[in-house]
Amino acid sequence: HKGMVLPIAAQDKKYWEFVQEQSDQEDARILSNILRDAPVEPGSHVHTINVKKAQDFTFPRAQKFTLSNGLKVLAYHNPNIPTIELLMSLEAKSFYDPVEKQGLMTFMNSMLTEGTKKHPGSTFSQAVESYGMTFGTTPGYMTLSMLDQDLEQGLSFVQEVVTQATFEDDAILKVREQLIADLKDYWDNPN
Numbered sequence: 438h439k440g441m442v443l444p445i446a447a448q449d450k451k452y453w454e455f456v457q458e459q460s461d462q463e464d465a466r467i468l469s470n471i472l473r474d475a476p477v478e479p480g481s482h483v484h485t486i487n488v489k490k491a492q493d494f495t496f497p498r499a500q501k502f503t504l505s506n507g508l509k510v511l512a513y514h515n516p517n518i519p520t521i522e523l524l525m526s527l528e529a530k531s532f533y534d535p536v537e538k539q540g541l542m543t544f545m546n547s548m549l550t551e552g553t554k555k556h557p558g559s560t561f562s563q564a565v566e567s568y569g570m571t572f573g574t575t576p577g578y579m580t581l582s583m584l585d586q587d588l589e590q591g592l593s594f595v596q597e598v599v600t601q602a603t604f605e606d607d608a609i610l611k612v613r614e615q616l617i618a619d620l621k622d623y624w625d626n627p628n
């Protein structure tokens, strides 16, 4: 995404000057009805603020390593924040969808959190939420946010979704209807 400031075309200049003049007149009309009849109160706490010298800050650099299974990892540890944010980038992206089956990866990713063998239906989402975690899947990515003490449980949820998703018929119908509604809304949105 990018934006640009472009000059006003010569033929439009008079119109925009007129619009600016109208806007200035409206501002003046509104502000003329608001008169201050009391002096501004002096600051009561402004003189009690202690300005501290800014601390040196170096933007954190991630450590890079590869696990024995070939998984590449970028990691950064901040001891001040007791949470773990995982972003897993997968090779299964939506641009690999067959031409005649566009949206297949989006559908599959929407299905992954609709139930597993261990947590059928909405009980998977409830189990994740019971730990205060957030778990998301999109084509090519999985995200998981959790407290650092829940890492083992969080990773077990990831394993469960990847290896035990059930793709129940009622969930397939539900997700299908949601995606169709999203698609209709997409084409109905003027943006």
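Take any residue in the sequence shown, count from 1 to its spot, add 437: that is its number in the working numbering. Heads up, the beta-carbon is just placed ideally off N, CA and C, and yes, glycines get one too.
Is it the case that the region 540-554 contacts the region 593-610, given that we only count it when at least three CB pairs across the two stretches are under 8 Å? Enough Cβ pairs lie closer than 8 Å, so yes.
As assigned by DSSP and simplified to three states, the class of Lys451: Position 14 of the sequence shown, counted from the first residue, corresponds to residue 451. DSSP places Lys451 within a helical segment (H, G or I) once states are collapsed to three.
Measure the C-alpha to C-alpha separation of Thr574 and Pro497 and round it to an integer number of angstroms. Translated into positions along the sequence shown, residue 574 becomes position 137. Translated into positions along the sequence shown, residue 497 becomes position 60. Approximately 27 Å between the Cα atoms of the pair.
From the DSSP output, which residues share a beta bridge with Val510? Translated into positions along the sequence shown, residue 510 becomes position 73. Paired residue(s): Phe502.
Looking at C-alpha atoms only, which residue of Phe594, Gly540, Asp625 and Thr571 is the closest neighbour of Leu616? Here residue 616 is taken as the residue at index 179 of the sequence shown, counted from 1. Closest option to Leu616, judged by alpha-carbon separation, among Phe594, Gly540, Asp625 and Thr571: Gly540.
Could you tell me if Phe561 is buried or exposed, where buried requires 16 or more neighbouring beta carbons within 10 angstroms of its beta carbon? Here residue 561 refers to the residue found at position 124 of the sequence shown. Result: buried.
Report the partner residues of Leu592 according to the DSSP bridge assignment. Counted from its first residue, the sequence shown places residue 592 at position 155. The partner list for Leu592 (beta bridge, DSSP) is empty, contrary to what the question assumes.
May I ask whether a heavy atom of the ligand GDP can be found less than 7 Å away from the beta carbon of Ala618? By its list of ligands, the structure shown contains no ligand whatsoever, and the ligand GDP lies outside what it can speak to.
Cα-Cα separation, Leu584 to Leu523: Residue numbering aside, residue 584 sits at position 147 when the sequence shown is read from its first letter. Residue numbering aside, residue 523 sits at position 86 when the sequence shown is read from its first letter. C-alpha separation (whole angstroms): 11 Å.
Using the rule of at least 16 other Cβ atoms within 10 Å of the residue's Cβ for burial, across every protein chain shown, is Gly591 buried or exposed? Against the sequence shown, residue 591 aligns to sequence position 154. Buried: at least 16 other Cβ atoms inside 10 Å.
Between the Cα of Val598 and those of Pro557, Val612, Pro444 and Ala618, spot the shortest distance and give me the residue it belongs to. Counted from its first residue, the sequence shown places residue 598 at position 161. Closest by C-alpha distance to Val598, out of Pro557, Val612, Pro444 and Ala618, is Pro557.
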